[in-house]
Amino acid sequence: MPGSLRPLDPWDLLLTGPESGVLHVGLAVPLSGPLALTAPSALDLAGLAVDEVNATGGVDGRELRLVAVDSGRAPAVVAAEAAALFEAGAFDVLVGFHTSDVHRALERVLPPGARYVFTPPHEGGRHRTGVVRTGVSPANQHAAALAWLVRHRRARRWVLLGTDYVWPRAVHRAAHRALAGTGAEVVGEALVPFGPTDMGPLLDLVRRTRADGVLLSMVGRDLVTFNREFVRAGLDRRVVRLSGALEENGLYAVGGDGTGELYACMPSFASGGSGPDEAQLALEERHASRSGPDAPVVCAYARGLYDGVRLAVSPGGTRRAARRTPAARLARAEGLALREIPGLLTA
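As structure tokens, this is what we get:
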């Protein structure tokens with residue numbers, strides 16, 4: 131992390147003891163697992179948030195420091211480690227970007243009074259006191275995007291494909307309701323384990339059902355693998371794809387899209403269809419100034435983590451966030467860029 135101190139190792143911190151005058155922010159980021167390709171972006175943007183807060187005097191005169199936890203491991207492992215670290219005083223607040231099965235595990239075991247900000251799109255449902263979700267729920271994220279694609283791309287026959295854990299299952303439930311409301315239909319559905327070794331059966335399902343659209347609820351490396359195989363099979367030229375987890379790192383990893391039929395409904399994109407997102411561009415400029423010309427891309431996950439760190443250390447910020455719902459957005463992949471489609475909510 132050029133331009134800033136690197137995140138502290140939590141176990142080293144416990145050995146030496148927490149520093150006085152420092153507010154320690156636990157950063158649960160997937161350093162391993164299917165979402166690990168997003169870790170460089172996430173670490174850089176979290177570091178930028180900390181640098182900016184420290185440049186204005188920190189929090190009540192206390193310097194911020196990040197304490198890294200690898201949230202790409204098994205949910206029970208991440209949750210047990212984070213709970214032990216919280217109890218031991220390794221960090222004062224936890225900010226996390228990871229899959230929702232890890233999120234659920236953390237909610238179950240964090241000690242009473244622990245503050246935890248979860249930043250990516252989430253699975254919906256209730257959450258415990260002290261936990262703030264800054265992302266968007268499955269229905270809010272997908273319903274308007276699906277309706278737009280049914281109307282404007284004539285995608286009426288849908289296959290739902292995802293990984294078998296809590297977030298994709300919630301996305302599929304929301305998609306069934308949303309598509310029924312448009313007159314479209316679900317003609318196939320499958321949930322697979324993390325790291326599927328053979329995408330052939332999923333591609334066969336798309337062919338066999340004569341689908342017009344595929345809703346993808348895989349993440350990270352698995353989403354990249356599926357999209358590569360989808361293109362190799364020639365299905366990208368006639369079948370619309372929509373993903374609630376496709377961000378800039380994943381788009382780069384698949385080599386971009388030249389068909390105009392790959393869509394994303396993540397909550398932030400680098401530019402919009404009616405002009406640039408000035409706040410996003412300003413963030414990218416500050417990031418490049420801090421980390422240099424080879425800095426990782428500012429992806430939607432990293433942008434959420436940046437906002438989450440700023441929120442977690444702001445006075446009363448977590449209480450304000452509970453009332454805020456991110457706006458629904460839809461973007462089309464154009465080469466290596468995601469371009470927002472304007473007017474989504476009124477389409």
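Each residue of the sequence shown is one higher than the one before, counting from 131 in our numbering. We treat Cβ as the ideally placed atom computed from N, Cα and C, and that holds for glycine.
Notebook entry, point to check: Mind checking whether Leu332 and Ala314 have CB atoms under 8 Å apart?
Noted result: The residue given as residue 332 occupies position 202 in the sequence shown. The residue given as residue 314 occupies position 184 in the sequence shown. No.
Checklist line | Helix, strand or coil at Leu171 [DSSP, three-state] | finding: If you number the sequence shown from 1, residue 171 lands on position 41. One detail in the question is off: residue 171 reads as Ser in this sequence, not Leu. Three-state DSSP puts Ser171 in a helix.
Notebook entry, point to check: For the beta strand (DSSP E) that Glu377 lies in, which residues bound it at each end?
Noted result: Within the sequence shown, numbered from 1, the residue matching residue 377 stands at position 247. Segment: none, Glu377 is in no beta strand (DSSP E) and carries neither H nor E.
Next item on the list: List the whole-angstrom C-beta distance separating Tyr393 from Arg362, where the pair is believed to meet the contact cut-off of C-beta under 8 Å.
Entry: Residue 393 sits at position 263 when you count from the first residue of the sequence shown. Residue 362 sits at position 232 when you count from the first residue of the sequence shown. Taking C-beta atoms under 8 Å as the contact rule, Tyr393 and Arg362 fail to qualify, at a distance of about 20 Å.
Next item on the list: Would you list the one or two residues that DSSP bridges to Leu289?
Entry: Taking the sequence shown and counting its residues from 1, one reaches residue 289 at position 159. Checking the displayed sequence, the identity of residue 289 turns out to be Val instead of Leu. In the DSSP output, where bridge partners are listed per residue, Val289 has Gly318, Val344.
Next item on the list: Keeping to the same chain, check which residues put their C-beta closer than 8 Å to that of Ala452; ignore five residues upstream and five downstream.
Entry: Position 322 of the sequence shown, counted from the start, is the residue given in the question as residue 452. Below a pLDDT of 50, predicted positions are generally treated as unreliable, and Ala452, at 49, falls in that range; the measurement from the model is reported next regardless. Closer than 8 Å at the Cβ level, and outside the excluded window around Ala452, lie Val262.
Check: Is the number of C-beta pairs between the region 163-172 and the region 424-431 that are closer than 8 Å three or more?
Finding: yes
Note to self: What would DSSP say about Phe227, mapped onto helix, strand or coil?
What the structure shows: Along the sequence shown, one-based indexing puts residue 227 at 97. Three-state DSSP puts Phe227 in coil, outside helix and strand.
Check: Which residue spans inside the region 237-283 form an unbroken beta strand (DSSP E) run of at least 3?
Finding: 246-248, 261-263
Next item on the list: Return the CA-CA distance between Val199 and Gly191, expressed in angstroms with no decimal places.
Entry: Locating residue 199 in the sequence shown gives position 69, counting from the first residue. Locating residue 191 in the sequence shown gives position 61, counting from the first residue. If I take the Cα positions, the gap works out to 25 Å.
Next item on the list: List the whole-angstrom C-beta distance separating Ser347 from Pro397, where the pair is believed to meet the contact cut-off of C-beta under 8 Å.
Entry: For the purposes of this step, residue 347 is identified with residue 217 of the sequence shown, where counting begins at 1. For the purposes of this step, residue 397 is identified with residue 267 of the sequence shown, where counting begins at 1. About 16 Å separates the two Cβ atoms, so there is no contact after all.
Margin query: Is the separation between the beta-carbon of Ala218 and that of Val197 shorter than 8 Å?
Written below: For the purposes of this step, residue 218 is taken as residue 88 along the sequence shown, with counting starting at 1. For the purposes of this step, residue 197 is taken as residue 67 along the sequence shown, with counting starting at 1. No, they are not a contact pair.
Item checked: For Gly380 and Gly343, believed in contact at Cβ under 8 Å, the rounded distance -> Sequence index remark: in the sequence shown, residue 343 carries index 213 (1-based). Sequence index remark: in the sequence shown, residue 380 carries index 250 (1-based). Between Gly380 and Gly343 the Cβ distance is about 19 Å, and since that is not below 8 Å, they are no contact.
Notebook entry, point to check: Does the region 460-469 come close enough to the region 199-210 to have 3 or more Cβ pairs within less than 8 Å?
Noted result: no
Check: Got a sec? Which residues, its chain only, sit under 7 Å from Gly386 by beta carbon, not counting five neighbours each side?
Finding: Here residue 386 corresponds to residue number 256 of the sequence shown, with the count starting at 1. Cβ neighbours of Gly386 beyond the five flanking positions: Ala463, Gly465, Leu466.
Next item on the list: Return yes when the Cβ of Gly265 is within less than 8 Å of the Cβ of Pro250, no when it is not.
Entry: In the sequence shown, residue 250 corresponds to position 120, counting from 1. In the sequence shown, residue 265 corresponds to position 135, counting from 1. Cβ distance < 8 Å, so Pro250 and Gly265 count as in contact.
Next item on the list: Taking the CB atoms as reference points, tell me whether Val301 and Val336 lie closer together than 8 Å.
Entry: One-based indexing of the sequence shown puts residue 301 at position 171. One-based indexing of the sequence shown puts residue 336 at position 206. Not in contact: Val301 and Val336 (Cβ atoms no closer than 8 Å).
Note to self: Taking only three categories from DSSP, how would you classify Gly385?
What the structure shows: If you number the sequence shown from 1, residue 385 lands on position 255. Coil at Gly385, not helix or strand.
Notebook entry, point to check: What is the residue span of the alpha helix (DSSP H) that Leu156 lies within?
Noted result: The sequence position of residue 156 within the sequence shown is 26, counting from 1. It is worth fixing the name first, because residue 156 is Gly in this sequence and not Leu. Taken as a continuous stretch (DSSP letters only), Gly156 belongs to no alpha helix (DSSP H), being part of the beta strand (DSSP E) at 152-159.
Next item on the list: Give the secondary structure of Gly350 by DSSP, where H, G and I count as helix, E and B as strand, and everything else as coil.
Entry: Sequence index remark: in the sequence shown, residue 350 carries index 220 (1-based). If DSSP states are grouped into helix, strand and coil, Gly350 belongs with the helices.
Check: With burial defined as no fewer than 16 other Cβ atoms inside 10 Å of the residue's Cβ, what is the status of Trp141: buried or exposed?
Finding: In the sequence shown, residue 141 corresponds to position 11, counting from 1. Exposed is the call here.
Notebook entry, point to check: Leaving out the 5 sequence neighbours to the left and right, which residues in its chain are closer than 6 Å to Glu359 when beta-carbon positions are compared?
Noted result: For this step, residue 359 is matched to residue 229 along the sequence shown. These residues qualify, in order along the chain: Met329.
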